[in-house]
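Inspection log for the structure reproduced underneath, given as structure tokens.
Residue numbers (this note's numbering): -8 to 80.
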């Protein structure tokens, strides 16, 4: 992440609390509202973070894929709603 990224992007997503904390430490004043956990956008899974699949064998990777797909579907809906709002303005 560069400092410009915090200004250039509307959303900056982290997979877990540790990465979110690092992003928050580096984040310029006035930009923290852009930082979120990816799983905030999930609709089906209740997990706060995406687990590390490394220790879960192939099933761990399948779980991560399910979580990320779920969260990305929710993220797409948020982006669509924002695009509709901007288009209507």
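Note that CB positions come from ideal geometry on N, CA and C, so glycine has one too. All values reported here derive from a predicted model rather than from experimental measurement.
query: Would residue 59 pass as a contact of residue 42 if the rule is Cβ separation under 8 Å?; result: no
query: If I measure Cβ to Cβ from residue 66 and keep anything under 7 Å in the same chain, skipping five residues before and after, which residues do I get?; result: 32
query: So residue 29 and residue 5 are in contact, right, with Cβ under 8 Å, and what is the actual spacing, rounded?; result: 7 Å
query: Please report the distance separating the alpha-carbon of residue 7 from that of residue -7.; result: 19 Å
query: Starting from residue 3, follow its DSSP beta bridges and name the residues at the other end.; result: 26
query: Taking the beta carbon of residue 38 as the centre, do at least 16 other beta carbons fall within 10 Å, making it buried, or is it exposed?; result: exposed
query: Indicate whether residue 61 and residue 35 have their beta-carbon atoms separated by less than 8 Å.; result: yes
query: Quick check: residue 26 and residue 16, are their CB atoms within less than 8 Å of each other?; result: no
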